[in-house]
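Numbering-wise (my numbering), the sequence shown opens with residue 18 and increments by one.
Glycine is no exception: its CB is placed at the ideal position from the N, C-alpha and C atoms.
This report concerns only the one structure given below.
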Amino acid sequence: HQPMYLLLSMLALTDVGLTLSTLPTTLAVLWFDHSLIAFNACLTQMFFLHSFSVVESSVLLAMSFDRFVAISKPLRYAAILTNTIIIRIALAIVARAVLSLFPVPFLLKRLNFCPNKIILSHSFCFHPDVMRTACADITINILYGLYVVLSTGGIDSLLIVLSYSLILHTVLGLASPQERVRALNTCVSHILAVFVFFI
C-alpha cells in the first residue's frame with residue numbers, strides 16, 4: 018500500500034470515530050427530544066470527540082508531509098515513507114491526541130457542578146456547555162483548552178501551510194508547465210480536504 022492510501026484509511030477511520038462518538042446523543046435528541054446526558058457519559062463523549070478531532074488534524078498534517086516528500090523527493094519517496102514509518106506516524110498521532118486530551122475529563126471532574134445532569138445545546142456534549150454549569154472557577158480549564166487548541170490545531174495548520182508553501186516553491190522550480198500542472202494536480206484534493214476541515 019502506498020502511504021497516501023494508508024493515511025486516507027486513517028482519515029476515514031477518524032471520521033467514523035467522530036460519527037460514532039456523537040451518534041448516541043444525536044439519536045436521543047432527534048428521536049426522543051432527550052437533551053440530558055449523564056455527567057460521566059458526557060466526559061467520555063467529550064474525550065473521544067476531541068481526541069478524534071486532534072487525530073483528524075494530525076492525519077491531514079501527515080498527508081501534507083506525504084505530498085511534500087512525493088513532490089520534492091520523488092525518487093526517494095518509497096525509501097523515506099515506508100509502511101513502518103507510516104505506522105510510527107499513526108501511533109504518534111494517536112498518542113498525541115490521547116495525551117493532550119487525557120487531563121480534560123479530570124480537570125472537569127474536579128469542579129463542582131450545579132446540576133447532576135448536563136443539558137445539551139447541541140446534539141453532542143460540548144465543552145463550553147459543561148464548563149458553564151460549573152459553580153467554580155474555570156480559569157484552568159479555559160487555559161488548558163486554549164493550550165490544546167493552539168498546540169494541536171494551531172501548530173498543525175501552520176505546518177500544513179508551511180508544507181504547501183514548500184511544495185509550491187518546488188513546483189514553481191520545475192522546468193516544464195506540464196510537470197507543474199501534474200505536480201499541482203496531486204495536491205488539489207488534499208488542499209480541498211484541509212480547507213473543509215479548518216474552515
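N-terminal and C-terminal residue of the beta strand (DSSP E) that residue i is part of
{"i": "LEU191", "result": "Note, LEU191: premise wrong, no beta strand (DSSP E); not H, not E."}
{"i": "ALA151", "result": "First-last for ALA151: undefined, no H or E at that position."}
{"i": "LEU53", "result": "53-55"}
Buried or exposed (CB count within 10 angstroms, at least 16 for buried), residue i
{"i": "GLN62", "result": "buried"}
{"i": "GLU196", "result": "exposed"}
{"i": "SER168", "result": "exposed"}
{"i": "PRO20", "result": "buried"}
Cβ-Cβ separation, residue j to residue i (assumed contact under 8 angstroms), whole Å
{"i": "VAL147", "j": "SER117", "result": "So it is not a contact: roughly 18 angstroms between Cβ atoms."}
{"i": "VAL86", "j": "LEU98", "result": "6 angstroms"}
{"i": "PRO122", "j": "PHE64", "result": "5 angstroms"}
Endpoints, alpha helix (DSSP H) assigned at residue i
{"i": "SER38", "result": "20-49"}
{"i": "LEU108", "result": "100-118"}
{"i": "ILE97", "result": "94-97"}
Between the CA atoms of residue j and residue i - distance to the nearest angstrom
{"i": "TRP48", "j": "HIS139", "result": "14 angstroms"}
{"i": "VAL46", "j": "SER38", "result": "14 angstroms"}
{"i": "VAL205", "j": "ARG199", "result": "10 angstroms"}
{"i": "CYS142", "j": "LEU35", "result": "13 angstroms"}
Given 8 angstroms, three or more beta-carbon pairs between the segment 56-76 and the segment 28-40 = yes
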